[in-house]
Amino acid sequence: MANRSVVLDTETTGMPVTDGHRIIEIGCVELIGRRLTGRHFHVYLQPDRESDEGAIGVHGITNEFLVGKPRFAEVADEFFEFIQGAQLIIHNAAFDVGFINNEFALMGQHDRADITRHCTILDTLMMARERHPGQRNSLDALCKRYGVDNSGRELHGALLDSEILADVYLTMTGGQTSLSLAGNASDGNGTGEGSGNQATEIRRLPADRKPARIIRASENDLAEHAARLEAIAKSAGAPALWTQLVEAQATAN
1 MANRSVVLDT ETTGMPVTDG HRIIEIGCVE LIGRRLTGRH FHVYLQPDRE
51 SDEGAIGVHG ITNEFLVGKP RFAEVADEFF EFIQGAQLII HNAAFDVGFI
101 NNEFALMGQH DRADITRHCT ILDTLMMARE RHPGQRNSLD ALCKRYGVDN
151 SGRELHGALL DSEILADVYL TMTGGQTSLS LAGNASDGNG TGEGSGNQAT
201 EIRRLPADRK PARIIRASEN DLAEHAARLE AIAKSAGAPA LWTQLVEAQA
251 TAN
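Quick note: the sequence shown uses UniProt numbering, first residue 1, plus one each step.
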């Protein structure tokens, strides 16, 4: 499907993969045309080995919790179907791609053991380093820089981190995460009434309708607006167009 992306994250028993470490959680969320569809893939996995204490300290997933969870081979087809043909958006992609390739290789599925043959990869860490050289570019740092709420991220989690990364990616690459001018909201999977480019009937409002209440922006609202404009300017490397127009008008007057 055109313009389909999957934001992906994994948690593992430790690192590096060459030491026999395995994936214990996969989390993915789907984007189509820069819109979150509501579709996701999420699973915890039994790795058939214990996790390092350091890794447990990062993600909080204990060995006891994983007892009875499916093994990668049991979900491999469903996972591959979800990501196949998509652009994978991953923070520090080399880490996750290496582990995913390893899991398919351990199954003997060598055709799938290089997912770059089936998906394109966009590494948001590399993108952030190009845009913000010399600065911290961890996911938490990017959340702070772009004003993305990560208050629920006390520990790493693959699904939560993929959801947060989706917000960061959309903000970092355009600022606008969702825009619908249709009369009815999408049903969440991009196929509902009012989704895509499908036109809807213009609804005329009665001339004698009750005037809408005017709500003025508070000082806090204006401060948050200014902060968001500053974040957009940092991302784009230049002030927002409307800021440039206001400054030009002020100079002219």
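C-beta atoms are modelled at their ideal positions from N, C-alpha and C, and glycine is treated no differently.
Residues L125 of the same chain have their beta carbon placed closer than 6 Å to that of N92, with the five preceding and five following residues left out of the count.
Of the other Cβ atoms in all chains shown, fewer than 16 fall within 10 Å of the Cβ of A250; this residue is therefore exposed.
For D123, no alpha helix (DSSP H) encloses it; the enclosing beta strand (DSSP E) starts and ends at T120 to D123.
Taking a contact to require three or more Cβ pairs closer than 8 Å, the stretch 114-121 and the stretch 157-170 do not qualify as touching. In this structure, T12 places its C-beta atom within 8 Å of the C-beta atom of I24. Ranked by Cα distance from F41, the first of G14, N3, P16 and Q84 is Q84. Runs of beta strand (DSSP E) with 3 or more residues, each lying fully within the stretch 16-91, are found at 23-32, 35-44 and 87-90, listed in chain order. Exposure of S138 is indicated by the presence of fewer than 16 other C-beta atoms within 10 angstroms of its C-beta. Going by DSSP, T116 is part of no beta strand (DSSP E) at all; its letter is neither H nor E.
Here the stretch 12-22 makes contact with the stretch 93-103; the two share three or more CB pairs at distances below 8 Å. Within 10 angstroms of the beta-carbon of G14 lie 16 or more other beta-carbons, which makes it buried. Burial is judged here by how many other beta carbons sit within 10 angstroms of a residue's own beta carbon; E30 has at least 16 and is buried. In this structure, DSSP gives T10 an extended state, which the three-state scheme calls strand. K69 and D114 have their alpha carbons spaced roughly 25 Å apart.
A128 counts as buried, since no fewer than 16 other beta carbons sit within 10 angstroms of its beta carbon. R145 and A73 have their C-alpha atoms some 39 Å from each other. With 16 or more neighbouring CB atoms inside 10 Å of its own CB, T171 falls in the buried class. Around the beta-carbon of I215, fewer than 16 other beta-carbon atoms lie within 10 Å, marking it exposed.
When DSSP states are grouped into helix, strand and coil, R209 belongs to the coil group.
About 10 Å separates the beta carbons of L8 and A166, which is beyond the 8 Å limit, so they are not a contact pair.
The Cβ neighbour count for T10, taken over all protein chains shown within 10 Å, is at least 16; the residue is labelled buried. A distance below 7 Å between beta-carbons, with the five flanking residues on each side excluded, links H156 to the following residues of its chain, in chain order: E11, V58 and H59.
As DSSP reads the structure, R228 sits in no beta bridge. Of V6, R213 and Y44, the smallest CA-CA separation from R34 is found for V6.
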